[in-house]
Amino acid sequence: MALEKNDRVGYRDGREGRHHGRVEEVRDLGPHAVYRIRNELTNEIQVITQEQIVQGTGEADA
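In terms of the working numbering, the sequence shown opens at residue 100 and continues consecutively.
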């Protein structure tokens with residue numbers, strides 16, 4: 100799955116539920132990609148790995 104800047108994504112970050120945000124930066128393209136994501140609800144920046152990305156972008160669980 101190749102994500103680009105401004106793509107909306109769902110992800111898990113160790114806290115309960117799935118979270119959503121927009122990609123602000125993509126680093127290290129490929130299977131070990133790292134994304135800088137701005138959380139939609141909290142507006143915080145998080146660094147998420149490819150493995151933490153969740154398919155689908157429905158409503159947040161948390």
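Just so it is clear, CB atoms sit at the ideal spot from N, CA and C, and this is done for glycine as well.
Inter-residue Cα distance where the pair is residue i and residue j
{"i": "residue 161", "j": "residue 136", "result": "At residue 161 the pLDDT is 45, less than 50, meaning the model places this residue with poor confidence; the figure from the coordinates comes in the next sentence. Rounded to whole angstroms, residue 161 to residue 136 spans 17 Å at the Cα level."}
{"i": "residue 126", "j": "residue 133", "result": "5 Å"}
{"i": "residue 130", "j": "residue 149", "result": "7 Å"}
{"i": "residue 113", "j": "residue 128", "result": "23 Å"}
Coarse secondary structure for residue i, derived from DSSP in three states
{"i": "residue 151", "result": "helix"}
Chain-order list of residues whose beta-carbon lies under 6 Å from that of residue i (same chain, five-residue window excluded)
{"i": "residue 147", "result": "110, 134 and 136"}
Residues near residue i in its chain [Cβ-Cβ closer than 8 Å; skip 5 each side]
{"i": "residue 120", "result": "107, 108, 110, 136, 137, 138, 139 and 145"}
{"i": "residue 102", "result": "108, 122, 125, 132, 134 and 152"}
Beta-bridge pairing of residue i - partner residues as DSSP gives them
{"i": "residue 119", "result": "109"}
{"i": "residue 135", "result": "124 and 146"}
Expected contact under 8 Å - CB spacing of residue i and residue j to nearest Å
{"i": "residue 122", "j": "residue 105", "result": "6 Å"}
Spatial neighbours of residue i in its chain, beta-carbon cut-off 7 Å, leaving aside the 5 residues before and after
{"i": "residue 153", "result": "109, 110, 111 and 117"}
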